[in-house]
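Q: One structure, as structure tokens, below. Some questions next.
Numbering (the numbering used here), first residue to last: 180 to 384.
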């Protein structure tokens with residue numbers, strides 16, 4: 180059974196991660212728990228992603244009880260395109276647009292995941308862009324510090340704008356556990372490509 184983490188749900192739906200956790204803690208949605216060693220993960224279904232997409236589209240403005248009813252109805256009838264709420268026809272929730280958006284975002288996330296590889300023999304397992312030794316978090320950090328895609332491409336011509344744009348989304352969807360490694364440029368104002376003197380880093384595998 181496929182499942183999606185809260186971090187992935189936030190990226191897929193555009194909701195803040197805190198809003199995803201709030202929906203879980205409020206028992207609007209009930210993810211299944213899986214254990215790997217001492218780590219417990221909460222995984223959401225596609226129907227729960229669709230509900231969160233509805234939340235992002237404005238469902239959060241409705242009373243909690245109404246939202247809970249919608250979540251339960253959606254879980255019971257996952258293929259429906261329209262949900263009547265409240266036992267009558269006063270309120271109908273259109274599901275189809277949210278389902279289409281989630282399916283589109285799932286394809287986009289799969290495409291991003293295909294761009295990245297994590298191999299213990301390459302950078303000690305740090306996720307890198309496929310065919311390179313360029314860490315994904317390095318590019319995400321550079322963007323966060325204000326570097327442009329053009330500046331990054333000057334230093335790393337083996338990349339392209341699609342992969343550069345994917346870096347922060349990948350890091351949000353697949354956050355690394357443990358203490359993040361220190362970056363020499365962190366907190367410094369970018370000054371073009373020379374702000375990131377990583378010429379000693381090979382650009383090909």
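Backbone N, C-alpha and C define an ideal beta-carbon position, used for all residues, glycine too.
1) Could you tell me if residue 330 is buried or exposed, where buried requires 16 or more neighbouring beta carbons within 10 angstroms of its beta carbon?
2) To the nearest angstrom, how far is the alpha carbon of residue 337 from that of residue 195?
3) Could you tell me the boundaries of the beta strand (DSSP E) in which residue 239 lies?
4) Below 8 angstroms on the Cβ atoms is my contact criterion, and I expect residue 190 with residue 288 to pass it. Report the Cβ-Cβ distance as a whole number of Å.
5) Can you list, in chain order, the stretches of the alpha helix (DSSP H) that have 4 or more residues and sit fully within the stretch 186-250?
6) Can you find at least 3 beta carbon pairs, one from the stretch 303-323 and one from the stretch 253-266, that sit closer than 8 angstroms?
7) Would you give the residue range spanned by the alpha helix (DSSP H) that residue 351 belongs to?
8) By DSSP, does residue 318 sit in helix, in strand, or in coil?
9) Please look up how many angstroms separate the CB atoms of residue 277 and residue 229, rounded, as I've assumed it's under 8 angstroms.
10) What is the rounded straight-line gap between the Cα of residue 324 and the Cα of residue 271?
11) Can you give the Cα-Cα distance for residue 334 and residue 206, rounded to whole angstroms?
12) Give me whichever residues DSSP pairs with residue 261 in a beta bridge.
A: Checking against the coordinates, here is how it stands:
1) buried
2) 32 angstroms
3) Run containing residue 239: none; DSSP gives neither H nor E here.
4) Cβ atoms of residue 190 and residue 288 come within 8 angstroms of each other, at about 7 angstroms.
5) 196-204, 225-235
6) no
7) Unbroken alpha helix (DSSP H) run through residue 351: 340-352.
8) helix
9) 5 angstroms
10) Residue 324 and residue 271: Cα-Cα distance of roughly 44 angstroms.
11) 47 angstroms
12) 273
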